[in-house]
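Position 73 (the sequence shown) corresponds to 78 in my numbering; numbering is contiguous. Glycine included, every Cβ here is placed at the ideal spot set by N, Cα and C. Written below as structure tokens is the structure these notes are about.
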Amino acid sequence: MQFGLLAQGLRLSLLILIGSPLLTLAQLPQPINPPEPFPTPIPIPQPSPEPPLNVEPPNVIPPVLEPPGLPDTITIERFEFTGNTAYSDAELAEITAEFVGRPITFAELLQVETTVTQFYVESGFVNSGAIIPADQSLSDGVLEIQVIEGGLEEIIVTGTGRLRPSYVSSRIAVATKTPLNVNRLLTALQLLQLDPLIENISAELAAGSRPELSVLTITVDPADTFSLQLIADNGRIPSVGSFRRGLSVTEANLLGFGDRINTAYTNTDGSDRYDINYTFPFNAYNGTIRFDYYGTNSEVIEEPFDRLDITGDSDRFGLTIRQPIYQTPTQDIAVGLTLSRENSQTTILGEEEPLSVGAEEDGSTKISAIRLFQEYTQRTSRSVFAVRSQFSLGVGAFDATINKEPPDSRFFSWRGQGQYVRLLAPDTLLVVRSDVQLSTRALVPLEQFPLGGFQSVRGYRQDVLLTDNGVFISAEALFPIVRFGEENLLQIVPFVDLGRGWNVEEEDNQENETIIGIGFGLQLRLGERFTGRIDYGIALNEVDDRDENTLQEAGVYFSVTYTPF
6 MQFGLLAQGL RLSLLILIGS PLLTLAQLPQ PINPPEPFPT PIPIPQPSPE
56 PPLNVEPPNV IPPVLEPPGL PDTITIERFE FTGNTAYSDA ELAEITAEFV
106 GRPITFAELL QVETTVTQFY VESGFVNSGA IIPADQSLSD GVLEIQVIEG
156 GLEEIIVTGT GRLRPSYVSS RIAVATKTPL NVNRLLTALQ LLQLDPLIEN
206 ISAELAAGSR PELSVLTITV DPADTFSLQL IADNGRIPSV GSFRRGLSVT
256 EANLLGFGDR INTAYTNTDG SDRYDINYTF PFNAYNGTIR FDYYGTNSEV
306 IEEPFDRLDI TGDSDRFGLT IRQPIYQTPT QDIAVGLTLS RENSQTTILG
356 EEEPLSVGAE EDGSTKISAI RLFQEYTQRT SRSVFAVRSQ FSLGVGAFDA
406 TINKEPPDSR FFSWRGQGQY VRLLAPDTLL VVRSDVQLST RALVPLEQFP
456 LGGFQSVRGY RQDVLLTDNG VFISAEALFP IVRFGEENLL QIVPFVDLGR
506 GWNVEEEDNQ ENETIIGIGF GLQLRLGERF TGRIDYGIAL NEVDDRDENT
556 LQEAGVYFSV TYTPF
């Protein structure tokens, strides 16, 4: 009891000491904000890959010889097709209509076989064909045509290294079901060529033991799956130290199933963060299940609040199932579900205190949420367009924070993100990014929409606005100014950023909700291993009158990414 009174007295003394007699806990700098992501590279538009596919001519399905005693001409009233699944009877009847209802010779009758076979082959069904079974009675004018639809006898995969051959063969098998179509096979090979686990892939389709069967041999050149990335930037909130440094280690094929594990550590002068995630593909359609965790320990080091010994710890557990529902070499559509749990705890002078809106009396905030997301990506040789939509439903389960009034763990929000990259000329890119969040009720800080700073509206400190709802849009162009060597490039990057944030329970007189920044940057790229960038942003309207104690607050942002291997 005496210690509690002493702590309260010390807290009051410090508030007076820093010259803020009316300061409340809600006005203190927050040690816990929405997590800042690692810098992500801009996707460069690339032409669709064309993996080599060598198709040997299949064995010809032998025609039926002319039965003895057949008249010189016959009249067919209707063809009856059997064995066809790729095309309907009506479609096959249409291409053979010229042989119906008139006298035809035996040579023309064999031409019917050729017509149907050629129709299949030209459509990509290279080992399918048609025959006219012998011993048929033509008394009723109906002639049976048997369609033999070909398939794969065997898939042979070589050269995969640590990657299990079944990873490749299972993805090919779903695209080569009977009847075999080489166009679908080529699409499956293109998708595998886009897979980061595969450097190169080639295939050969050869004749099998029967005319309608083929053997597919696939040769794979596996990609390097281990990588180490080092980063440094000033993308953290100044209250815990804006200068961030860290490393990320990734093994993209841990057990040979195409399973991926990533661990990362970043820190500032006042924070440490640990990340780990593991992704496992569970079907041949690139469906994945992912487990992720991060933990953060922070303390406020910004003067004069550093004397209050404000600390914050947070962690998050997530389980995500993602399933592509449509995939081509140029388009992807996927849906997914995430179950997440977030916990945070804040203290001041060693005492647990609710420093953020919605926190419980002991300073903790616990969020249980269900998130449903949808993703769409379109790629061409000149552009990349990607959008992501996510609906988040916060629930009160698993001892989540529940308050009499919001915010708490019960909420519903939608977030939409988009990016468009256009190749204007060699090494000249236009990049447009957007982000929007809408919520039906007030949100705790972990769920709010951050605006300002690195990878947001430049010209402002990180997360200068933290609101329930928000809109962000950014446009920048990358122009080459110096090229040296084949892969080294210096670019100038003019940009304009705009953001607007507002709360669900907005005060009528609240101002400065919109922030606009303009400026330019320089980006240096040395091959695929090193990227360095520095931006200078000018704030067109002020929302923060704090002193500019860091480069970030002066509108200067830098980032360095190095991938040694």
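In whole angstroms, give me the CA-to-CA distance for residue i and residue j.
i: Leu233; j: Phe416; result: 38 Å
i: Leu360; j: Arg420; result: 26 Å
i: Phe262; j: Phe285; result: 8 Å
i: Ala208; j: Ser386; result: 24 Å
i: Gln557; j: Phe500; result: 16 Å
i: Asn474; j: Leu451; result: 13 Å
i: Lys409; j: Thr165; result: 58 Å
i: Thr519; j: Tyr562; result: 21 Å
i: Ser319; j: Ser276; result: 11 Å
i: Leu148; j: Ala102; result: 13 Å
i: Val245; j: Ser369; result: 19 Å
i: Ala12; j: Leu354; result: Bear in mind that the predicted position of Ala12 carries a pLDDT of just 43, short of 50, making it too unreliable to give a figure here.
i: Arg534; j: Arg215; result: 51 Å
i: Ser53; j: Gly560; result: 39 Å
i: Gly317; j: Thr406; result: 17 Å
i: Asp502; j: Leu495; result: 22 Å
i: Gln424; j: Pro170; result: 35 Å
i: Phe296; j: Leu210; result: 39 Å
i: Thr271; j: Ser303; result: 12 Å
i: Gln328; j: Ala289; result: 10 Å
i: Val565; j: Glu492; result: 17 Å
i: Glu113; j: Ile100; result: 14 Å
i: Tyr279; j: Arg321; result: 11 Å
i: Asp540; j: Ala482; result: 13 Å
Helix, strand or coil for residue i, going by three-state DSSP, please let me know.
i: Asp549; result: coil
i: Thr433; result: strand
i: Leu342; result: strand
i: Tyr92; result: coil
i: Asp413; result: coil
i: Leu398; result: strand
i: Val648; result: Nothing in the structure corresponds to residue 648, since the chain is present only between 6 and 570.
i: Pro485; result: strand
i: Tyr541; result: strand
i: Thr120; result: helix
i: Arg384; result: strand
i: Glu85; result: strand
i: Pro450; result: helix
i: Ala188; result: The sequence as given places Asn at residue 188; Ala does not occur at that position. Reduced to three states, the DSSP call for Asn188 is helix.
i: Ala178; result: helix
i: Ile315; result: strand
i: Leu199; result: helix
i: Tyr172; result: helix
i: Ser144; result: coil
i: Ser479; result: strand
i: Pro309; result: coil
i: Leu115; result: helix
Would residue i and residue j be called neighbours here (beta carbons separated by less than 8 Å)?
i: Val220; j: Glu159; result: yes
i: Gln467; j: Ile242; result: yes
i: Val426; j: Pro138; result: no
i: Ile543; j: Gly464; result: yes
i: Arg376; j: Gln350; result: no
i: Ala135; j: Gln116; result: no
i: Val469; j: Arg505; result: no
i: Val173; j: Leu197; result: yes
i: Ala269; j: Ser247; result: no
i: Arg167; j: Asn258; result: yes
i: Ala91; j: Phe130; result: yes
i: Glu380; j: Ala339; result: yes
i: Gly341; j: Thr325; result: yes
i: Thr382; j: Gln336; result: yes
Give me the Cβ distance between residue i and residue j, rounded to the nearest whole Å; I'm assuming they're in contact under 8 Å.
i: Glu356; j: Ile372; result: The Cβ separation is near 23 Å, so there is no contact.
i: Val389; j: Val449; result: So it is not a contact: roughly 34 Å between Cβ atoms.
i: Leu428; j: Pro184; result: Rounded, the Cβ-Cβ distance is 39 Å, inconsistent with contact.
i: Arg83; j: Gly146; result: 7 Å
i: Gln528; j: Val487; result: That pair is no contact at about 11 Å.
i: Asp77; j: Phe86; result: Not confirmed; about 26 Å, so no contact.
i: Val509; j: Ser444; result: 6 Å
i: Ile223; j: Ile203; result: With 8 Å as the limit, Ile223 and Ile203 do not qualify as a contact, their Cβ atoms being about 10 Å apart.
i: Arg393; j: Gln422; result: 5 Å
The ligand MN heavy atoms versus the CB of residue i: any closer than 7 Å?
i: Gly251; result: You won't find the ligand MN in this model; it holds no ligand whatsoever.
Counting pairs of beta carbons, one from the region 101-108 and one from the region 46-64, are three or more of them closer than 8 Å?
The answer is no - the region 46-64 does not touch the region 101-108, with fewer than three Cβ pairs under 8 Å.
Would the region 400-408 count as touching the region 426-439 if we require 3 or more Cβ pairs under 8 Å?
These segments do not touch.
Is it a yes or a no for the region 331-344 touching the region 303-314, going by three-plus beta-carbon pairs under 8 Å?
No, the region 331-344 does not touch the region 303-314.
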